[in-house]
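Quick notes on the structure that follows.
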Amino acid sequence: MQAWHVMTGLFCVAGLTLRPSGAEPVTYRITAGAGQSVRFEARTNTEKYAGQTDQISGEVRVDPQRIAANPIAFFTVRPAGFSTGNGTRDSNMRRKHLGVDAFPTASFVLTALDLPTNGEATGNKVSAVPTLSDGKPVAGSLRGMLTLHGVTKPVTAFATVTRERDRGTGRDSLHIVARFVVRLKDYAIPTPRFLFLVTKQEHPVTIDVRAVATP
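Position 27 of the sequence shown, counted from 1, bears residue number 61 in our numbering, the numbering being contiguous throughout.
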């Protein structure tokens, strides 16, 4: 139990419709609810479990043709929304470990987006400056500041972004998947324990969200 959701975070990258170099940045919005996911995995000395929530929102602003040119991104998660499928564990997690009354939100603010020279997650012959093509993911590392349980620390996540068309609105959208690890003690989160069961410190987190271009 510890879900930090962290949020995360993630970065930004390109819009669905290709635009000329130097175009104005595009704003993409993540709306909490169905289709969004923040998931953490946890282990004790005898078992493993996971928690998940769709309560993540945020905004990404980026020039589609210049992905690494001063992108802006921030994300917010409501820790109270995490569920592990065990009511007692969830209650303890929210009250004793995440302290959701005192810390109702967690947040991520992007500070840098590091891209490999080839840019794309698959394929060998690609542009030296990565841009998004329909359905072709771009991979990179997201660096930013994660605030969880009232503590702010730098974090780095490996992420991929894929350009898609939003099924509901028909507008440009970004499918963002980011993975990183949170250590409980780094955020002053008490280690969950019950009798002889003690939760491990390291918890892998996966953020899987869709951001839709604003009208």
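All C-beta atoms in this analysis are idealised placements derived from N, C-alpha and C, irrespective of residue type, glycine included.
Per DSSP, cross-strand counterpart(s) of residue i
{"i": "residue 243", "result": "210"}
{"i": "residue 178", "result": "144, 189"}
{"i": "residue 227", "result": "232"}
{"i": "residue 173", "result": "194"}
{"i": "residue 238", "result": "215"}
Contact belief for residue i with residue j at Cβ below 8 angstroms, rounded distance in angstroms
{"i": "residue 176", "j": "residue 102", "result": "Rounded, the Cβ-Cβ distance is 11 angstroms, inconsistent with contact."}
{"i": "residue 114", "j": "residue 138", "result": "7 angstroms"}
{"i": "residue 225", "j": "residue 232", "result": "7 angstroms"}
{"i": "residue 193", "j": "residue 211", "result": "6 angstroms"}
Host beta strand (DSSP E) of residue i (start-end)
{"i": "residue 218", "result": "That residue, residue 218, is in no beta strand (DSSP E); it is neither H nor E in DSSP."}
{"i": "residue 187", "result": "185-199"}
{"i": "residue 64", "result": "60-64"}
{"i": "residue 77", "result": "71-77"}
Heavy atom of the ligand GDP within 7 angstroms of residue i beta-carbon
{"i": "residue 83", "result": "This structure lacks the ligand GDP; in fact it carries no ligand of any kind."}
Is the number of C-beta pairs between the segment 119-128 and the segment 215-225 that are closer than 8 angstroms three or more?
no
Touch test, the segment 108-116 against the segment 137-146, Cβ-Cβ under 8 angstroms, three pairs minimum:
Contact between the segment 108-116 and the segment 137-146 is present, because at least three Cβ pairs lie under 8 angstroms.
Touching by the beta-carbon criterion (3+ pairs, under 8 angstroms), the segment 62-77 and the segment 226-246:
yes
In chain order, what are the residue ranges of uninterrupted alpha helix (DSSP H) at least 4 long that sit wholly in the segment 85-167?
121-126
Is the segment 75-91 touching the segment 130-138, taking contact as three or more C-beta pairs under 8 angstroms?
no
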